[in-house]
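By UniProt numbering, the letter at position 68 of the sequence shown is numbered 68, and the numbering carries on one by one without gaps.
The C-beta atom is built at its ideal place from N, Cα and C for all residues, glycine as well.
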Amino acid sequence: MEEAQEFICREMGKEIGTRMSPEVLPVGLSAKEVLEFTKRFQALDGGRKGYIGINDLRRMMKNLGEKISDEQLHEMINEVDLNRNGQIELQEFLVLMSSIKSGHIVSSRLARAAEREYEKTMVSVERSGGGL
């Protein structure tokens, strides 16, 4: 069990500490992927505060038509909140996305919900069927 906890701390970046900077953050994402995931993060960050809080998650789940308890919302945050401040900052979100990409994390409720919420914010553009 202890080895598993050490592995999780090492792989999820908990050893980084409470101050994470892009220069030292072990995120294996391309610049294009960082931009895409930043847009997804911003779609969830109500008011552009720089973090996703429990109210943001509650609003997102309500928009998706899912009923979820406060306990489950806290669990979703705790899955990603490396510095344990009760919020998900962009860097923590990027670590999650990087871990999913690399296969270290197979599934995340937050990532699935973020994807669905982001897709809802995208405006579908269709051509109006006119001819040439």
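Return helix, strand or coil for residue i, following the three-state DSSP convention.
{"i": "Ile105", "result": "coil"}
{"i": "Lys49", "result": "coil"}
{"i": "Val24", "result": "Note that Val24 has pLDDT 42, beneath the 50 cutoff, so the model's placement of it is unreliable and the number below is only indicative. Here Val24 sits in coil by DSSP."}
{"i": "Tyr118", "result": "helix"}
Using the beta-carbon count (16 or more within 10 Å), is residue i buried or exposed?
{"i": "Ala43", "result": "buried"}
{"i": "Ser69", "result": "exposed"}
{"i": "Leu57", "result": "buried"}
{"i": "Ser102", "result": "exposed"}
{"i": "Leu64", "result": "exposed"}
{"i": "Ala31", "result": "exposed"}
{"i": "Gln72", "result": "exposed"}
{"i": "Glu89", "result": "buried"}
{"i": "Leu35", "result": "exposed"}
{"i": "Glu92", "result": "buried"}
{"i": "Glu117", "result": "buried"}
{"i": "Glu126", "result": "Residue placement at Glu126 is flagged as unreliable, the pLDDT there being 48, under the threshold of 50; the coordinate-derived value follows with that caveat. It is exposed - the Cβ of Glu126 has fewer than 16 other Cβ atoms within 10 Å."}
Quick one: give me the first and last residue of the alpha helix (DSSP H) that residue i is part of.
{"i": "Lys39", "result": "Ala31 to Leu44"}
Given a cut-off of 9 Å on the beta-carbon distance, is the pair residue i and residue j in contact?
{"i": "Phe41", "j": "Ile52", "result": "yes"}
{"i": "Ile54", "j": "His74", "result": "yes"}
{"i": "Ala113", "j": "Met61", "result": "yes"}
{"i": "Leu96", "j": "Leu110", "result": "yes"}
Residue ranges of each alpha helix (DSSP H) within the region 51-111, 4 or longer: 54-63, 70-80 and 90-102
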